[in-house]
Amino acid sequence: MSIREANAKKAARRRFEARDLLERLKSGPCQDCGSEKLLTCQKDLLRPDGSMAQLSRRLLMSQSRIIREASACLLVCANCSRLRIWKAQRAKRAGQT
Ligand SMILES: [Zn+2]
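Using our numbering, read the sequence shown as starting at -18 and increasing by one per residue.
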């Protein structure tokens, strides 16, 4: 196996493990509406300022960093997430004018 192939394999493994970790971090009730019925639905990790952490796009970070970033986030369901983002954007716009 070439070095390039070995690296690609290692990266795929890390992404797989990070996705698994994210899945575990996202289990639990929504912190806004408390809904647990939507466990199978999409859940978002939202930063306190209302932006999405989008950890699933940065899967090659170390696991400790993923845990650190996730612990600074709110766990909310897709509905509450949209609502929070909308409110944050509205507040931002109101502050600009
Ligand atoms: Zn919710």
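All C-beta atoms, glycine included, are put in the ideal place defined by N, C-alpha and C.
query, result
"When you measure from the CB of Ser16 to every non-hydrogen atom of ligand 1, does any distance come out below 6 Å?", "yes"
"In whole angstroms, what separates the C-alpha of Lys7 from that of Phe(-3)?", "15 Å"
"When the Cα atoms are used, what is the spatial distance from Asp1 to Ala(-7)?", "12 Å"
"With 16 other CB atoms within 10 Å as the buried threshold, where does Arg65 fall?", "buried"
"Can you give the Cα-Cα distance for Asn60 and Ser43, rounded to whole angstroms?", "29 Å"
"Three or more C-beta pairs under 8 Å: does that hold for the region 28 to 46 against the region 8 to 15?", "no"
"Would you mind reading off the limits of the alpha helix (DSSP H) that contains Leu56?", "Note, Leu56: premise wrong, no alpha helix (DSSP H); beta strand (DSSP E) at Leu55 to Cys58."
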